[in-house]
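These notes are about the structure you will find just below.
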Amino acid sequence: LGLLDGVLAVEAAGLSGEAITVIGGGSRSAYWLQMLADILGRPLQQRAGGDVGPALGAARLAWLAVEPEASLDEVCPPPPLLQTFTPRADRSAFYREQRHPVFRSLYQQLKPVFLSVGEASTG
19 LGLLDGVLAV EAAGLSGEAI TVIGGGSRSA YWLQMLADIL GRPLQQRAGG DVGPALGAAR
79 LAWLAVEPEA SLDEVCPPPP LLQTFTPRAD RSAFYREQRH PVFRSLYQQL KPVFLSVGEA
139 STG
């Protein structure tokens, strides 16, 4: 639900996208990807090579830093699409209308606890 907060912040800034490509360890779980698609209300695209995505992304950024004239099409070709997880309307409504407000409320209630822990650890 914290990822939903991020998507909503991006939308509030006037930006949006059709689908979201997922990478990393969580992208190996079909259950997780379907739940995430439902929570975000957006299609999620699982692509080949997602397990090396973070390292590959860092390498691509380094390539662009070293060769700023390189084209994005050359440096960042999209990996082959393996599967798309489409959000289910009933589950999306459930997460947005029932679970997200609870998450936001708990977040606000717990925020001072974590802020005080951070202050205590910094001395």
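Counting in the working numbering, the sequence shown runs from 19 upward without gaps. Idealized CB from N, CA, C, for every residue including glycine.
Quiz item: For S89, is the classification buried or exposed, using 16 other Cβ atoms within 10 angstroms of its Cβ as the cut-off for buried?
Solution: exposed
Quiz item: Is it buried or exposed for Y49, if we count other Cβ within 10 angstroms and need 16 for buried?
Solution: exposed
Quiz item: If you scan the region 44 to 99 from start to end, which runs of the beta strand (DSSP E) of 3 or more residues do you find wholly inside it?
Solution: 62 to 65
Quiz item: Apart from the five residues just before and just after L74, which ones in its own chain have a Cβ nearer than 8 angstroms to its Cβ?
Solution: G67
Quiz item: What residue from A31, R65, G32 and G59 has the CA that sits closest to S47's CA?
Solution: R65
Practice problem: Since I believe A27 is in contact with P61 (beta carbons under 8 angstroms), could you give me their beta-carbon distance rounded to a whole number of angstroms? | Solution: With a Cβ gap of about 20 angstroms, P61 and A27 do not count as contacting.
Quiz item: Alpha carbon to alpha carbon, how far is R122 from L21?
Solution: 12 angstroms
Practice problem: May I ask you to list the residues that DSSP assigns as paired with T39? | Solution: Q63
Practice problem: Would you verify that the beta carbon of I38 is, or is not, closer than 7 angstroms to some beta carbon of chain B? | Solution: You won't find chain B in this structure, because it holds only one protein chain.
Self-check item: Reference Y113; option with closest CA among D23, D56 and V25
Solution: D56
Quiz item: Tell me the DSSP bridge mates of D101?
Solution: Position check: residue 101 holds Gln in this sequence, whereas Asp was assumed. DSSP, once it has assigned bridges, lists Q64 as partnering Q101.
Quiz item: Could you check where the alpha helix (DSSP H) with E29 kicks off and where it finishes?
Solution: G20 to A30
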